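Peer 1:
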Amino acid sequence: MSHEYSQLLLDNRGDAFHITINRASEHNTMTDVVMQELSAAFHLAESTQGVRAIVLSGAGERTFCAGGKLKPTADGSPFALEPGRFDNPVAELFRTMDRCNLPIIARVNGDAYGGGLGLICACDFAVASDGAKFGTTEAKVGVFPLMILPVLMRVIARRRLLEMCFFAHRFTALEAKEFDIINEVVPLSELDAAVQVMVDKLAANSPVALRMGRRAFSAVTDLSFSDALNLAQAILPILSQSEDTKEGMKAFAERRPPVWPGR
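Reading the sequence shown from the start, the letters are residues -12 to 250 in our numbering.
Written out as structure tokens, the structure is:
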């Protein structure tokens, strides 16, 4: 499966589709190719039968993702604009993740800076090794974490985020948990087991409910209160007609575990 992807490793493990940025020697930095392949891999995971969650990680034990690979052009800027290309590849990737109909778990095997922190915040859940370090240190090199701000603002409280971006300091995994960036912090040796527990919890619930709920969650996030309620009341009757809903209600009445049709 992974031979089609030069910068990623893909592994379908039944309930979980694992996507790994395979650039350990480059600290799993994101290039245009990496971001394009990540978008394609998310689409592949969505279309793979039986997958209930996506697990995103970095190769090795040192770095989850050190952000974008900054390489100045002839004019000294690392962010040259290509004629005719409007969308930044980071924006395209975050849109793909936002529209994904599967829950995404960040398996944070090591440090995450800049765009790497953005990737974590674009995921729905995150489990980190206790030795991981984090930061938005762009201001130290004369830029600002603009492209990741929208996903950071969905997760991190405003004043804390201002500290992170303007002070450009690094912080620990336990601090990241305190900031609500990380759900759980464990020793590196226990990382896979902790991720699997999360996958199992997701897989125990209705696939249809989680798929529709995941898309609805993203859709209502930026709506006004009234518009969010209007969208919710339109989606609920559609969801309630699914075979999963019927099985869930029947199983509840019969006091037995549901057997999800996934339809």
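All C-beta atoms, glycine included, are put in the ideal place defined by N, C-alpha and C. Model, not experiment: these values are computed from the prediction.
Name the two residues that bound the continuous beta strand (DSSP E) containing T83.
Peer 2: Unbroken run through T83 is the alpha helix (DSSP H), 76 to 86; no beta strand (DSSP E).
Peer 1: Three or more C-beta pairs closer than 8 Å, one from the region 97 to 104 and one from the region 120 to 137: is that the case here?
Peer 2: Touching, yes.
Peer 1: By Cβ distance, which residues of its chain are closer than 6 Å to V173, with the 5 residues on each side in sequence left out?
Peer 2: The answer, listed in chain order, is A181.
Peer 1: Helix, strand or coil for K120, going by three-state DSSP, please let me know.
Peer 2: Of the three classes helix, strand and coil, the one that applies to K120 here is strand, per DSSP.
Peer 1: Do N256 and G45 have their C-beta atoms closer together than 8 Å?
Peer 2: The chain is shown only over -12 to 250; residue 256 falls outside these bounds and no answer can be derived.
Peer 1: How long is the line joining the alpha carbons of G1 and R201, rounded to whole angstroms?
Peer 2: Roughly 20 Å between the two C-alpha positions.
Peer 1: Between which two residues does the alpha helix (DSSP H) containing C108 stretch?
Peer 2: Start and end: 102 to 109.
Peer 1: Quick check: L25 and T7, are their CB atoms within less than 8 Å of each other?
Peer 2: Their beta carbons are not under 8 Å apart, which means L25 does not touch T7 by this criterion.
Peer 1: Given M185, which residues of its chain have a CB within under 7 Å of its CB, disregarding the five upstream and five downstream residues?
Peer 2: If we look at M185 and ignore the five residues flanking it on each side, its Cβ neighbours are I92, F112, V114.
Peer 1: My understanding is that M140 touches L148, with C-beta atoms under 8 Å, so please give their C-beta distance in whole angstroms.
Peer 2: Indeed they touch by this definition, with Cβ atoms about 7 Å apart.
Peer 1: Give the DSSP bridge partners of M17, in chain order.
Peer 2: G55, per the DSSP bridge assignment.
Peer 1: Does I168 come out as helix, strand or coil in the three-state DSSP assignment?
Peer 2: Correct three-state label for I168: coil.
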